[in-house]
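Reviewing the structure listed below.
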Amino acid sequence: MTVTPASFLAVLLVSGDEVLPPIPQSDETFVTARKQAEALADVPLSVAVIDGRELELEHLLTVRDAGARVPNLFLSEFSSRRLSFPFVRGVGSGLGDPAVITYIDDVPQFGFGGTNLPLVAVDRIEFLRGPQGTLYGKNSLGGLIHVHGRRPGDERQVELGGTFGSNDLREYSGSYSGPLGGGLRGDFAFLDSERDGYTVNEFTGNEVDDRDGSFGRARVLWNPSADSELDFSIFGEHSRDGGFALSFLEDTTLPGVFSVTGLKNNPHHINQDFEGRAERDVVNPALVWRVLGEELEFTSVSSWQSWDALELSDFDFTPEDVVRRRTVEEQQYFYQELRLGSGDEVKSGAVRWVAGASGALSDAQRSARNTFGSSVLSPFPDGSVDASDGDFDDFGMGIFGHVSVPLGDVFEVAGGLRYDREERSVDSVHTSPVIIGSASIDDEETFDELLPLVNVSAHLGDAGLAYVSAARGFKAGGFNLSAPTGSEDFDAETNWTYELGYRHTFEQERSSLAGALFLVDWQDRQVSLFDPQAGGFVDNAGDAESKGIELEGETRVVAGLDARASFGLADTEIKDTNKDLPQAPDTTWSVGLRYEDELPRQGTWYVRADYQNVGDFFYDDANNAGDSYDLVNAGVGIDCGHFGFSVWCQNLFDEEYVPIAFQGQLGFVGESGAPRVLGFSLSVHL
């Protein structure tokens with residue numbers, strides 16, 4: 000089916016007053032993991048869901064905060080908002096395209112910087128573990144994070160908020176949700192946030208990793224007829240942050256030149272002669288058109304995204320003036336998806352299906368410049384520049400189908416197939432002080448893959464669901480902006496994931512339990528490497544395997560007291576070296592408790608605490624070890640109808656840890672994790 004201006008106009012000319020809900024209204028948890036609304040209890044996949052109320056009560060401000068509750072999910076971030084790397088079951092990536100993709104209201108965030116966005120006006124987050132390529136296409140061979148924004152209703156809601164805390168944290172927020180007139184409903188939210196840095200530069204005495212950013216979301220819904228909906232949304236971000244807080248992990252000394260105390264002995268301190276900064280601007284409008292009938296459901300997703308980033312940093316990480324780095328990236332995406340599926344009446348005991356096609360077009364300009372200084376360590380004369388500039392074009396398309404066939408009252412067989420194809424090209428120039436003139440690359444390459452999925456599930460009684468599945472994942476190869484000779488391009492990465500799972504829901508006890516065994520076998524794994532001159536680049540690193548177990552559950556212990564827990568165990572291996580995979584903790588587990596009770600005049604109060612453990616893990620393929628760490632968060636709050644107040648603390652016991660690091664020229668460098676942050680929040684509800 001083709002969407003044309005005429006077809007849009009035909010729908011717009013039909014009037015109607017009814018609201019088309021995207022998912023059924025029920026006390027059950029519903030998800031759209033298979034691109035159709037289903038009760039979570041009936042979905043034969045590893046899915047974790049965190050709703051908007053939990054995000055608010057537990058002060059989960061970012062996807063990383065929320066992801067700490069998901070077993071075998073490890074989400075590492077640098078201080079730059081652009082550099083955010085989710086790994087699921089050991090499957091992930093650093094630079095280049097993500098292997099665990101983020102979606103926002105059906106719209107993919109293809110860049111690897113799309114995960115680290117504030118959670119503002121969010122209804123729920125769905126964390127899908129395992130390959131999702133059959134339905135979602137590229138960059139989802141490890142899993143998918145789907146952020147669903149809040150939908151405006153017919154009742155007006157106005158909220159104002161302020162948060163204040165350690166390191167001069169100041170956040171101001173506001174939102175409106177409700178009718179706009181003329182049959183329109185809207186949801187508008189903004190957040191302005193800033194804080195001082197967590198890290199001190201001993202060379203200047205300044206705090207270097209401060210944050211200053213604004214974020215906004217807007218959403219307008221219109222039902223031109225009783226069975227159709229136009230959903231327009233836009234979000235944007237404007238951030239101006241301090242530079243990287245990178246320093247050596249161990250004490251590093253070059254006699255007669257410099258001496259730096261490492262992060263393990265002096266957390267949250269660096270010693271650099273140059274302080275950089277990180278800037279990012281993002282804008283992403285999207286239009287989703289839904290037509291829901293008794294037999295067919297049609298969806299069109301159209302989106303455009305533009306983001307640009309500027310990063311300035313001390314590239315030698317020392318107090319010497321050796322080399323400074325300037326990175327600029329600008330990228331524009333256009334995405335279009337059309338799909339048909341089984342309609343409203345095909346909801347129980349009948350065949351369910353969905354089929355469609357998608358296309359994406361991107362254009363990126365990337366620039367990296369190393370400027371060498373006057374230090375005796377500099378390999379080139381003062382002021383010499385090593386520069387790389389490139390244009391990267393990418394056209395991708397996919398055709399997919401998925402069908403679920405019930406076999407009696409117990410069994411269901413589901414299968415899907417997708418064909419993905421990407422055409423990528425690069426036109427880049429590299430100018431270096433050690434060569435005469437410049438070296439250029441003008442190349443193009445095509446990557447394609449078939450992505451099958453097979454799933455067999457069985458309903459055991461009224462509340463149990465067991466399933467077994469096999470799915471293939473795919474991530475296209477590509478080109479580096481700058482890399483050592485011979486590593487200018489890299490091949491595609493693929494994997495197979497096999498999973499055996501079970502989910503049980505105890506409705507009367509308000510409890511649920513889910514578990515899974517998994518095996519991941521993948522080829523031509525893409526990894527992020529670091530070269531002292533070229534910087535970060537992507538290369539292939541052979542085959543690997545990951546296997547393990549996941550458990551998660553929640554229950555109402557007694558009236559008012561809710562408990563949840565999750566546990567993940569991963570055993571990974573790089574087949575060529577018998578070493579463990581990086582960014583894959585051997586265990587990840589968390590426990591949370593929250594007690595709520597009533598106050599006079601319809602008020603409520605709560606107290607909550609949660610504990611997170613990240614087990615032993617490695618920073619890179621060479622198995623340079625990171626330390627395990629434990630984080631405790633807590634809070635207490637009241638809500639008196641129109642007013643709310645809470646006091647909270649993140650990293651209550653001020654645990655010192657380094658969640659991310661890489662090999663530099665003179666040693667391993669990384670960033671300290673966030674220290675203890677104490678704060679309070681005020682809110683007004685009108």
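Numbered per numbering that gives the first Met the number 0, the sequence shown spans residues 0 to 685. Cβ coordinates follow ideal geometry from the N, Cα and C atoms, glycine included. If you're wondering where the values come from, they're calculated on a predicted model, not measured in any experiment.
Check	Outcome
P21 classed as buried or exposed, judged by whether at least 16 other C-beta atoms fall within 10 angstroms	Only weak support exists for where P21 lies, its pLDDT of 47 falling under 50; the value from the coordinates is given anyway. Flag for P21 reads buried.
Nearest candidate by alpha-carbon position, reference T493, set T504, R524, C639 and S511	R524
Inside the stretch 46-107 only - alpha helix (DSSP H) runs reaching at least 4 residues	51-56 and 62-66
DSSP three-state assignment for A491, whether helix, strand or coil	coil
Classification of V676 by the beta-carbon crowding that lies within 10 angstroms, buried from 16 upward	buried
Proximal residues to V350 (C-beta, below 8 angstroms), its chain only, five neighbours per side dropped	S341, V402, S403, V404 and P405
Of the listed residues V300, D653, G173 and K574, nearest to Y102 (C-alpha basis)	V300
Helix, strand or coil at G196 [DSSP, three-state]	coil
Buried/exposed call for R509, threshold 16 Cβ in 10 Å	exposed
L480 (DSSP reduced to helix, strand or coil)	coil
Validate contact between the stretch 477-484 and the stretch 450-467 using beta carbons, cut 8 angstroms, 3 pairs	no
Where H641 falls, given that 16 or more other Cβ within 10 Å makes a residue buried	exposed
A120 versus V375 - alpha carbon distance	53 angstroms
Distance between beta carbons of E158 and L190, contact taken as under 8 angstroms	Contact flag wrong, Cβ pair sits at about 12 angstroms.
Which of helix, strand or coil DSSP assigns to P21	In this predicted model, P21 has a pLDDT of only 47, less than 50, meaning its place in the structure is not dependable; the value taken from the coordinates is given anyway. P21: coil per DSSP, three-state reduction.
Reduced DSSP category for A696 - H, G, I as helix; E, B as strand; rest coil	Here the chain covers residues 0 to 685 and nothing more, so residue 696 does not appear.
Per-residue burial, L459 [other beta carbons within 10 Å of its own, 16 or more giving buried]	exposed
Cβ neighbours of Q24 in the same chain (closer than 8 angstroms, five flanking residues each side left out)	Only weak support is given to the placement of Q24: the predicted model assigns it a pLDDT of 44, under 50, and the value that follows is read from those uncertain coordinates. Counting only Cβ-Cβ distances below 8 angstroms, and skipping sequence neighbours, we find nothing.
Nearest-angstrom Cα separation, counted from S366 out to V683	45 angstroms
Bridge-paired residues (DSSP) for K546	L518 and D570
CB contact flag (L143, Q131, <7 angstroms)	yes
Check: L72 C-beta below 6 angstroms from any heavy atom of the ligand GDP	Questions concerning the ligand GDP fall outside what the structure shown contains, since it holds no ligand whatsoever.
Y656 in three-state terms, based on DSSP	coil
Under the three-state DSSP convention, the category Y688 falls into	The requested residue 688 does not occur in the structure, where the chain is confined to residues 0 to 685.
Which listed residue (V46, A491 and Y501) has its alpha carbon closest to that of W521	A491
Bounding residues of the alpha helix (DSSP H) (the contiguous stretch that carries G132)	G132 to Y135
Proximity of P266 and E655 at Cβ, strictly below 7 angstroms	yes
Three-way DSSP call (helix, strand, coil) for L450 in this model	strand
Alpha carbon of V281 to alpha carbon of S302, nearest angstrom	13 angstroms
Reference E206, options R155, G212 and T198, closest by Cα	T198
For T430 and A386, believed in contact at Cβ under 8 angstroms, the rounded distance	5 angstroms
Beta-ladder partner(s) of H268, from DSSP	V199
A356 - DSSP class collapsed to helix/strand/coil	strand
Of the listed residues L651, A608 and G625, nearest to G687 (C-alpha basis)	Any answer about residue 687 is impossible in this case: the structure gives the chain only from 0 up to 685.
At least 3 beta-carbon pairs within less than 8 angstroms: the stretch 216-231 vs the stretch 243-257	no
Contact belief for A359 with Q330 at Cβ below 8 angstroms, rounded distance in angstroms	12 angstroms between Cβ atoms; not a contact.
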